[in-house]
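Under full-length UniProt numbering, the first residue of the sequence shown is numbered 1, with each subsequent residue one higher. All residues carry an ideal CB built from backbone N, CA and C; glycine is no exception. Structure, as structure tokens:
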Amino acid sequence: MEHRLYSTPIFFQEEALILNHLFENGLPCLHLRKPMATKADCVDLLKKINAKFYARIILHQHLELVEEFNLLGVHLTESARRALSSEALKQLIETCHAKDRIIGTAIHQRIDLLTLPKQLDYVTLSPVFPSISKPNYQPTENWSIHDLSFPFQLIALGGVNARTLAAAYERGFKAVAFLGAVWNGKASALENYQKLCKKIQAIDPMR
């Protein structure tokens, strides 16, 4: 079972230090998601992250920084994706791939899977479980994906923690994204992450 981590939406003290520690301990992919941040704020954080980890970072806002910092790729929020015409979205995907970048998006309704370009690299589905970071944010879909076949990777997001990892795996997910399970208690973020990795190893020893 593959995994990735979403950043907290708000900056906090020593964030870059903790992120560097997480990368050093094997974090394969970080979604840098700061919906209210200025470009300058994002630049400041990126400059504090060791450049050797840039190839593991997917950016959600101020996407021009992907090129500037040679990041892994682009995440289109649902609203950003819907704002693009089908042709513009196709062109953006082609541009990303031509530059060896990955590109994905997010959906919250199962039916939207049918409208997405097959050339996307991944899609996050959420919330799969009751959210940890957003109180009262509950699933509106039964996200079991055994019956789904798409060329892009399907990633479980929302409420994924040590207690729900096995359920995500049983529902057919081969990839998950963490948020609150790591960041609830920022001082113990690294310890939280390491415990989750051990849980994944127990569930899916091939990883």
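In the same chain as Gln119, and ignoring 5 residues on each side of it, the C-beta atoms closer than 6 Å to its own belong to Ile93, in chain order. Between Lys99 and Asn192, the alpha-carbon positions lie close to 34 Å from each other.
Contact between Leu72 and Leu65 is absent: CB atoms are separated by about 12 Å, not below the 8 Å threshold. Membership of Ile18 in the alpha helix (DSSP H) is indicated by the continuous run 15-24. For Ile58, the enclosing beta strand (DSSP E) stretches over residues 57-59. One alpha carbon belongs to Pro28, the other to Asn70, and they sit about 16 Å apart.
Membership of Phe178 in the beta strand (DSSP E) is indicated by the continuous run 175-178.
When the five nearest sequence neighbours on each side are left out, the beta carbons in the same chain lying within less than 7 Å of the beta carbon of Gly172 are those of Ser144, Ile145, His146, in order along the chain. Around the C-beta of Ala55, fewer than 16 other C-beta atoms lie within 10 Å, and the residue is accordingly described as exposed. In the three-state scheme derived from DSSP, where H, G and I count as helix and E and B as strand, Tyr6 is classed as strand. Comparing C-alpha distances from Val123 to each of Gln61, Gln153, Ser86 shows the shortest one belongs to Gln153. Per the C-alpha coordinates, the member of Leu114, Glu141, Leu116, His75 positioned closest to Pro127 is Glu141. Every unbroken stretch of the alpha helix (DSSP H) spanning 4 or more residues and falling wholly within the region 70-156 is given here in chain order: 78-82, 86-98. As DSSP reads the structure, Leu32 sits in a beta bridge with Leu59. Pairing Lys48 with Ser7 gives a Cβ-Cβ distance that is not under 8 Å. Taken through DSSP and simplified to helix, strand or coil, Glu64 comes out as coil. A straight-line Cα-Cα distance of about 32 Å links Leu19 and Leu113. In the DSSP annotation of this structure, Lys52 is not part of any alpha helix (DSSP H), being labelled neither H nor E.
With 16 or more other Cβ atoms inside 10 Å of its own Cβ, Phe129 counts as buried.
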